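For the record, in the sequence shown the residue sitting at position 94 is 94 according to the UniProt record's numbering, with numbers rising by one throughout.
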Amino acid sequence: GNHEILLSCIKENLGFKDGKPVAACIIYRCLLHWRAFESERTAIFDHVIEAINDVLKAKEADGRLPYWLSNTSALLCLLQKNLRSNGFFGTPSRRSAGGLGGKLAQLAGRGDTAQVDARYPAILFKQQLTACVEKIFGQLRDNLKKEISPLLSLCIQAPKSTRPGKAPKAPGVSAQQPSNSHWDNIVSFLNLLMDTLRENHVPSFFIRKLITQLFSFVNIQLFNSLLLRRECCTFSNGEYVKAGLSLLEKWITDVSEEFAGTSWHELNYIRQAVGFLVIHQKRKKTLEE
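Structure, rendered in structure tokens:
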């Protein structure tokens with residue numbers, strides 16, 4: 001019956017139309033059509049949340065996180081705009097207002113012109129959906145940290161071929177090719193991430209938050225690696241990491257502030273450390289010479 005329509009919407013990837021997530025729109029339309037928002041008692045909302053949670057627990061769930069971040073946040077925006085509820089939605093609770101879902105709801109605008117009077121189950125549904133958005137975002141961010149970690153551990157030490165004193169085997173471009181390959185892998189990782197988020201029409205608000213938090217993690221990982229691995233604190237490694245950071249700076253500039261936010265600022269510690277390393281080692285070198 002009715003529930004099956006909704007559940008099939010949730011289980012399948014329905015894609016996007018004109019940049020809008022189809023599943024979110026259908027779920028909202030169905031709930032509106034069945035007057036679920038106005039019901040004093042209904043189990044339909046629990047079924048929706050349960051079905052979304054089930055999809056997110058599946059083995060292949062990780063690949064679907066951007067899709068579901070887009071759908072759940074779109075559904076949340078639709079509720080925010082179209083449901084009226086005697087002051088319930090107008091002032092989000094302090095906890096949800098501080099969280100991602102709450103911020104998104106504020107961005108969506110208030111439901112002042114809304115036509116539908118929401119009852120308690122609908123209000124509870126909005127809170128559950130907010131928690132769902134925040135959970136998906138957190139899961140996505142944590143997965144990205146896990147994926148980028150092994151790449152970062154290779155970026156702290158210059159490959160032997162690029163260290164001074166070793167003459168390249170052949171002159172020209174080929175000798176320089178491997179020099180930034182590990183950093184290029186980071187850039188490829190970021191490009192792929194960006195493409196995936198855009199393909200799934202994830203709101204720029206979330207992309208900015210995700211990228212900024214990822215760069216904050218990159219900053220701490222690289223900085224700690226330098227602290228823990230004294231053998232990496234050399235002039236050539238400093239130069240190598242500095243060159244890598246300039247690749248990241250270019251990437252951040254290219255994707256624009258709309259998507260990268262304050263990411264360059266997030267790399268402050270490692271930038272300062274590398275700057276110090278390069279200057280300090282240079283000074284030491286000239287003194288010895």
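Backbone N, C-alpha and C fix where the C-beta goes; we use that ideal spot for every residue, glycine too.
Here the structure is a predicted model, which means the values were calculated and not measured.
Excluding sequence positions up to five away, which residues of its chain have a Cβ less than 8 Å from the Cβ of residue i?
i, result
"residue 152", "186, 218, 221, 222, 225"
"residue 129", "49, 72, 75, 76, 79, 101"
"residue 99", "130, 134"
"residue 136", "56, 65, 68, 69, 72"
"residue 351", "Outside the shown range of the chain (1 to 289) lies residue 351, about which nothing can therefore be said."
"residue 116", "32, 37, 38, 82, 83, 84"
If you count every other CB in all the chains shown that lies within 10 Å of the CB of residue i, and 16 or more means buried, which is it?
i, result
"residue 79", "buried"
"residue 280", "exposed"
"residue 53", "exposed"
"residue 19", "exposed"
"residue 36", "buried"
"residue 182", "buried"
"residue 166", "Unreliable positioning characterises residue 166 in this predicted model, as indicated by a pLDDT of 46, which lies under 50. A coordinate reading is not provided."
"residue 261", "buried"
"residue 126", "buried"
"residue 238", "buried"
"residue 156", "buried"
"residue 231", "exposed"
"residue 229", "exposed"
"residue 29", "exposed"
"residue 266", "buried"
"residue 154", "exposed"
"residue 148", "buried"
"residue 5", "exposed"
"residue 275", "exposed"
Sorted by chain position, which residues of the same chain lie with C-beta nearer than 7 Å to residue i's C-beta, five sequence neighbours on each side aside?
i, result
"residue 233", "226, 277"
"residue 71", "21, 23, 24"
"residue 264", "249, 252"
"residue 174", "Reliability of the predicted coordinates at residue 174 is poor, the pLDDT of 39 falling under 50, and no value is obtained from them."
"residue 9", "23, 26, 27"
"residue 139", "65"
"residue 180", "243, 244, 247"
"residue 15", "22"
"residue 215", "263, 266, 267"
"residue 190", "251"
"residue 132", "49, 52, 72"
For the alpha helix (DSSP H) holding residue i, just list the boundary residues, first then last.
i, result
"residue 204", "204–228"
"residue 18", "Looking at the DSSP string, residue 18 is not in any alpha helix (DSSP H), and its letter there is neither H nor E."
"residue 256", "235–260"
"residue 37", "Counting along the chain, residue 37 falls outside any alpha helix (DSSP H), and DSSP gives it neither H nor E."
"residue 127", "120–153"
"residue 66", "61–82"
"residue 24", "22–33"
"residue 11", "2–11"
"residue 51", "44–57"
"residue 191", "181–199"
"residue 263", "263–266"
Going along the chain, which residues of its own chain have a beta-carbon closer than 6 Å to the beta-carbon of residue i, five neighbours each way excluded?
i, result
"residue 47", "3"
"residue 40", "119"
"residue 145", "217"
"residue 12", "none"
"residue 59", "none"
"residue 207", "197, 259"
"residue 42", "36, 121"
"residue 176", "Caution is warranted here: a pLDDT of 41 is assigned to residue 176, below 50, making its placement in the model unreliable, and the coordinate value is therefore given only provisionally. So the list is empty, once near-sequence residues are dropped."
Could you check if residue i belongs to the surroundings of the ligand PLP, using beta carbon to heavy atom distance under 7 Å?
i, result
"residue 139", "Absence of the ligand PLP is noted for the structure shown, with no ligands found whatsoever."
Beta-carbon of residue i versus every beta-carbon of chain D: anything under 8 Å?
i, result
"residue 160", "The chain labelled as chain D is not found in the depicted structure, where only one protein chain is given."
Count Cβ pairs between the segment 251–263 and the segment 199–211 that sit closer than 8 Å; are there 3 or more? With a cut-off of 8 Å, the segment 199–211 and the segment 251–263 count as touching, because enough Cβ pairs lie within range.
Take every Cβ of the segment 58–70, pair it with every Cβ of the segment 191–204, and state whether three or more of those distances are shorter than 8 Å. They touch, by the three-pair rule.
Does the segment 116–134 touch the segment 180–196, meaning 3 or more C-beta pairs lie closer than 8 Å? Not touching, per the Cβ criterion.
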